[in-house]
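Enquirer: Plus 1455 on top of the position in the first sequence (first one is 1) and you've got this note's numbering.
Sharing a structure here in structure tokens format.
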Amino acid sequence: MSAETKPVDEIGWQRQWEEAGLFHADIHQDRPKFYCLEMYPYPSGKMHMGHVRNYSIGDAVARFKRLMGYDVLYPIGFDSFGMPAENAAMSEGGHPHDITERNMASITEQIKRMGFSYDWRRTLKSHDPRYYKWNQWFFTKFMENGLASREFAPVNWCTSCSTVLANEQVKAGRCWRCNGPVAQKEMSQWFLNLPFYGQELHDGLDTIGFPEHVKSLQKDWLGRSEGANILFGVEGSEEDIEVYTTRPDTLFGSTFVTLAPEHPLAESLVSGTEHEAAWKELYDEVSVTAEFDRIKNMNKKKGVFSGRFAIHPLTAELVPIWFGNFVIASYGTGAVMAVPAHDERDYDFAEKYQIPIKRVLVMEKNGDPSAGMKKAETELGWMVNSPLDGFDGLYGDEAKDAMCTALEHAGRGRRTVNWKIRPWLVSRQRYWGTPIPVIHCESCGAVPVPEQDLPVELPRDVVFGHGNPLGTSEAYLRVDCPTCGKEARRETDTMDTFMDSSWYFLRYTDALNDDEPFAKQIADHWMQVDFYCGGIEHAQMHLIYARFMTKALRDLGLTSIDEPFNELLCQGMVNKSAPFCQSCGITLSTSHEGSPCPHCGDELGSRSAKMSKSLGNTVSPEEMIELYGADTVRLFILFAANPTAGMDWSDTALDANHRVMVQMRTMPEQLMEWPSKPSPMDGWMDARFTQRIHAFFNAMETYDLRRAVEISHYEIIKDINWYVRRGGQNIEVAKRWLPQWAQMVSVSTPHLAEEWWASIASTSGFVSGSAMKSPAPLTDEQSISLSAEQYIRDVLEQARKVRVVAERHLGSSPTEATFVVSPAWKRTMAQAALSFMQDGGHPKKFIPVLQSLPIAQGERKGEMMGFWGKKMLPQVFKWDDVSKKVIASSLDEASVLSAANAFIAAELQLERVSVVVGESDEDGTGRSGSAMPLSPAVVYA
RNA sequence: GCCGGGGUACCCGAGUGGUCAAAGGGGGUGGAUUCAAGCUCCUCUGCAUAUUGCUUCGCAGGUUCGAAUCCUGCCCCCGGCACCA
């Protein structure tokens, strides 16, 4: 084949697909639907390899489902609000809107160049008022039903982004976006009541196909814990202190109560006493530190006594009230009942401030209630030393239950479920997002903008860099109160952009609807998303918000579905090697390649690392497409690793994949040059193709894309090579299978497949718009044909190995070989043993059966019994199911080999090959001893 | 500390009781083709050996006729949560 083959006109095919409207998702009631989605991308100006990988995976799935006759909804759009555009506008001038549009145009072009099969008609962009209008509408609905509210609360403030952040958006005390420090600040902010759906978000995880680690991540964030809220009275006061605990069973061991310094009762407890100053000092220290730093410094436990006492809810005993820097105001009730005997932190605290430690559990049944304590015993245990009757001896849940019941009777406590997840802080003090549709009126308060006035559009006349940008537009600010008509001001905060990505998948189902966010019936038709593909980094933010929104919108009556996404696939990272210093343990930029470590001077090794600009180990998709074409890039990216595994970029492997593409380019032409010459191998080729298609379907159904590509682009080629090697070259066979092969190929390399499709006489239209039928299952005859051929390959492989040794013994290259097929009795023995075991017989019990077989009568009985134990028994377990079937079948080894006689001789470079049955008159080799069923002995001469 | 995911040959990576000395690819080897290179095709790529023998799937034990696979303990890597009551 010539290397100057005309390259595939990828852009031409893309144009034709578009002209034909091939990927428009329309509803046909007689077809099943499939919703394939990739995570809403932020429109940076350039497509990177992560995008390429993400979309190559999604596109393969979408294309396969289309082949299978599904109505496939496969849309794309842009998460186009957000700070990068705003920051770019500030640093380089210009307006976020223009920058965003420019970036979108550029990345769209690059995505299109890959030939993904999107329904571009449905393209969304968050910053389109026709889209964000619905964010605003939802928000006003949430205000009505109480899901959205404004609170004055300590919040996370990112100084460099000059905006607040939601809890999930603070990673290790730093901003998820810019990695800048996050401080604590008290502000009035808008929240969505995420914990309202806590239980449903938790339970729903068990009904959807998310990967285990994502489920675990989400459960960590939701942070469900079961316990009790318990009321302690305050001596000399009408007030109660409510504590939250997961260990009500240790209540009798509570020897003090600790409050967060910011606890609402704190000030009144110490006001005007000698303890006030100390409390104030702790309060000041704690309230300015960000929560993260506070938790980090918690090993420096500090406590201040309040001078007051709490009243134990069941025993009325007085216990001191302390303030502790380690108690977090926003978790639970901001107050802790301290049980030093059974909690490590309380134990340390009690030791430090000489507070009594009272054992109320023992860790062994009937343990010693008066045993001393060297450390906190925090496991579940058996209750002891209870001041009230009926508790001693109870264990675990039973003990907790009894305690809760007692508290409930006394009216001093109740069982509760606590969540770590907090309301979603959705307001941002930035410009490039959805304006929060609220009007602040002095007399009416925060009033939602009426539906007919939506959308509240972003004004263009704002000034950046002077606080909240929307606050700089007078025209925007001034508005009359919709309720009382008096002069009022607009809210100047915008919404978190995660709001946009929380329901975009619903909008796609009915993207052109201007009357409502989406028609319920249409959304219900397409939803859920059947296959959702994206990066793991969204496991706790986007994927929680989107699940929350789906439930919230469902409860507004807008959809019927509970969970937005069913199957979630988190694609692995695209890595490339970068210099690495073993002794310093650091990865360095590729600019250090070839030089010693700049820190320690050692020689640098290399290590695979995530592609990043800072390491300089990025690969530009644009360049690769330019060099090799989109198909090659797609093939490489799908074949290099499983979708979920990290993959290493390799230029040599890419090159190898390109060779495959070049080789495949003229495949139909080559096959169509075959003569119309039937051969005994045709049946085998038919069977093989059938088998491959089944395997391909199976791989695609389970999203094992790597395996699917391996079949379509590698194994079938090898099969054809084998077919030709064995003398097959029948154009009828080629005509039979080319169309279906093209369809398989189209899943990952659609442009090449279209070239093929166009060159095949029997096909018309586009392969990308064609339907693929499932082939009939393999017949028994076909299975035997495959087995016989496999048998020849196995025999050849074995013969090659032996040849090496034989050559040494002969002192020269052998010129002929005799294959000694195992004598009939061995096969009979194998058949008997296999059927015995098939019926559930234990291998060790086969000996008596064997002894009664006709073959084992006579003088060779002893030899046969020995053969069984030494040779046959181990082998019986080694045969696979196919081999077992072959042994049980009528396949005659000697005739299969004889028929392939000439072929085997040629393969082994021998002049002559003969086949004999072991122990027969023709067998003069004396070597039949080592022959086994399916494994003849080979004797070279 | 807790929770998830991992550790397979030179590299990447399949593999969840026998088909396993272990797929496939990369890299390497030898051969065919070629004036030559490339492309393509074939062979080999743990050690041994006239033929299913020995050692090997993080380490150490165990279950089984049989373990990369199941169980127990340990080591290491990745991700998440964390003095959360």
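All residues carry an ideal CB built from backbone N, CA and C; glycine is no exception.
Can you tell me where the beta strand (DSSP E) holding Ala-2392 begins and where it ends?
Expert: Element bounds for Ala-2392: 2392-2395.
Enquirer: Can you check DSSP and say which residues form a bridge with Cys-1491?
Expert: Answer is Phe-1986, bridged to Cys-1491.
Enquirer: To the nearest whole angstrom, what separates the beta carbons of Pro-1795 and Thr-1710, a pair I think is in contact under 8 Å?
Expert: Pro-1795 to Thr-1710, Cβ: 6 Å. Contact.
Enquirer: Is the segment 2018-2036 touching the segment 1979-1988, taking contact as three or more C-beta pairs under 8 Å?
Expert: Segments in contact, yes.
Enquirer: Span of the beta strand (DSSP E) holding Ala-1943?
Expert: It spans 1942-1945 - the beta strand (DSSP E) in which Ala-1943 sits, taken as one unbroken run.
Enquirer: With the cut-off set at 9 Å, would you say Ser-2369 and Glu-2252 are in Cβ contact?
Expert: No. Outside cutoff.
Enquirer: For Leu-1660 versus Gln-1673, is the C-beta spacing smaller than 9 Å?
Expert: The answer is yes: Cβ separation under 9 Å.
Enquirer: In terms of alpha-carbon separation, which member of Gly-1532, Lys-2228, Thr-2204, Gln-1809 lies closest to Trp-1777?
Expert: Trp-1777 has its Cα closest to that of Gln-1809, out of Gly-1532, Lys-2228, Thr-2204, Gln-1809.
Enquirer: Can you list, in chain order, the residues of its chain whose CB lies under 7 Å from that of Pro-1498, leaving out five sequence neighbours each side?
Expert: Cβ within range, chain order: Phe-1533, Ser-1535, Thr-1555, Asn-1558, Met-1559, Ile-1562.
Enquirer: Please say whether Ser-1581 and Thr-2014 have beta carbons closer to each other than 9 Å?
Expert: Cβ distance not < 9 Å, so Thr-2014 and Ser-1581 don't count as in contact.
Enquirer: Across which residues does DSSP place Pro-1609 in a beta bridge pair?
Expert: DSSP output for Pro-1609 lists Glu-1641 as bridge partner(s).
Enquirer: Going residue by residue through the segment 2192-2267, where are the continuous alpha helix (DSSP H) segments of at least 4 residues, counting only ones entirely within it?
Expert: Taking only runs of at least 4 residues, the alpha helix (DSSP H) segments lying wholly in the segment 2192-2267 are 2205-2214, 2235-2265.
Enquirer: Taking C-alpha atoms, which residue in Gly-1845, Phe-1707, Gly-2084 lies nearest to Lys-1461?
Expert: Nearest of Gly-1845, Phe-1707, Gly-2084 to Lys-1461, Cα basis: Gly-2084.
Enquirer: Just the C-alpha distance for Val-1463 and Val-2164, rounded to the nearest angstrom, thanks.
Expert: One C-alpha to the other measures close to 19 Å.
Enquirer: For the candidate residues Gln-1484, Arg-1470, Asp-1485, whose alpha-carbon lies nearest to that of Phe-1478?
Expert: Residue Arg-1470 is the option with its Cα nearest to Phe-1478.
Enquirer: Within a Cβ cutoff of 6 Å, which residues of the same chain sit near Thr-2283, ignoring the five residues on either side of it in sequence?
Expert: Excluding sequence neighbours, Thr-2283 sits near Ile-2310.
Enquirer: Measuring only the C-alpha atoms, how far is Pro-2388 from Ser-2105?
Expert: So the two alpha carbons sit approximately 45 Å from each other.
Enquirer: I'd like to check one pair, Pro-1768 with Asp-1649: are the Cβ atoms closer than 9 Å?
Expert: What sits at residue 1649 in the sequence shown is Leu, not Asp. It is not a contact, given that the beta carbons lie outside the stated cut-off.
Enquirer: Count the CB pairs spanning the segment 1869-1882 and the segment 1917-1934 that are closer than 8 Å, and state whether there are at least three.
Expert: Output reads no: the segment 1917-1934 does not touch the segment 1869-1882.
Enquirer: Pair every Cβ in the segment 1907-1914 with every Cβ in the segment 1707-1725, then say whether three or more of these pairs are closer than 8 Å.
Expert: No, the segment 1907-1914 is not in contact with the segment 1707-1725.
Enquirer: Residues in its own chain within less than 6 Å of Met-1456 by CB, not counting five upstream and five downstream?
Expert: Reliability of the predicted coordinates at Met-1456 is poor, the pLDDT of 37 falling under 50, and the value obtained from them is presented with this limitation in mind. The residues are Thr-2121.
Enquirer: Return yes when the Cβ of Glu-2128 is within less than 9 Å of the Cβ of Ser-2214, no when it is not.
Expert: No, they are not a contact pair.
Enquirer: With respect to the alpha helix (DSSP H) encompassing Glu-2348, which residues constitute its N-terminal and C-terminal limits?
Expert: Taken as a continuous stretch (DSSP letters only), the alpha helix (DSSP H) holding Glu-2348 covers 2348-2354.
Enquirer: So who's on the other strand from Phe-2274, going by DSSP bridges?
Expert: Phe-2274 pairs with Val-2370, Val-2393.
Enquirer: Answer yes or no: do Leu-2090 and Asn-2112 have a C-beta to C-beta separation smaller than 9 Å?
Expert: Yes, they are a contact pair.
Enquirer: Cα separation between Leu-2233 and Ser-2338?
Expert: Cα to Cα, the separation comes out at about 16 Å.
Enquirer: For Glu-1946 versus Ala-1901, is the C-beta distance shorter than 9 Å?
Expert: Yes, the pair counts as a contact, with Cβ atoms nearer than the cut-off.
Enquirer: Exposed or buried, which one is Asp-2376 when buried takes at least 16 other CB atoms within 10 Å?
Expert: By the neighbour-count rule (16 or more Cβ atoms within 10 Å), Asp-2376 is not buried but exposed.
Enquirer: What do you reckon, are the CB atoms on Gly-1682 and Arg-1870 nearer than 9 Å?
Expert: Result yes, Cβ atoms of Gly-1682 and Arg-1870 sit closer than 9 Å.
Enquirer: Counting beta carbon pairs with one atom in the segment 1987-1999 and one in the segment 1473-1487, are three or more of them shorter than 8 Å?
Expert: Not touching, per the Cβ criterion.
Enquirer: Report all residues from its chain with a CB closer than 6 Å to the CB of Phe-1665; omit the five preceding and five following residues, and keep chain order.
Expert: Leu-2023.
Enquirer: In the DSSP output, what is Arg-1933 paired with across the bridge?
Expert: Bridge partners of Arg-1933: Arg-1944.
Enquirer: Going by DSSP, what residues sit across from Cys-2025 in a beta bridge?
Expert: In the DSSP output, where bridge partners are listed per residue, Cys-2025 has Gly-1989.
Enquirer: Checking the sheet assignment: what are the DSSP bridge partners for Trp-1777?
Expert: Answer by DSSP bridge pairing, in chain order: Thr-1713, Phe-1760.
Enquirer: Comparing alpha-carbon positions, which option in Leu-1816, Ala-1831, Asp-1856, Asp-1514 lies nearest Pro-1842?
Expert: That would be Leu-1816, whose Cα lies nearest to the Cα of Pro-1842.
Enquirer: On the DSSP bridge assignment, give the partners of Phe-1687 in chain order.
Expert: Its beta-bridge partners are Ile-1696.
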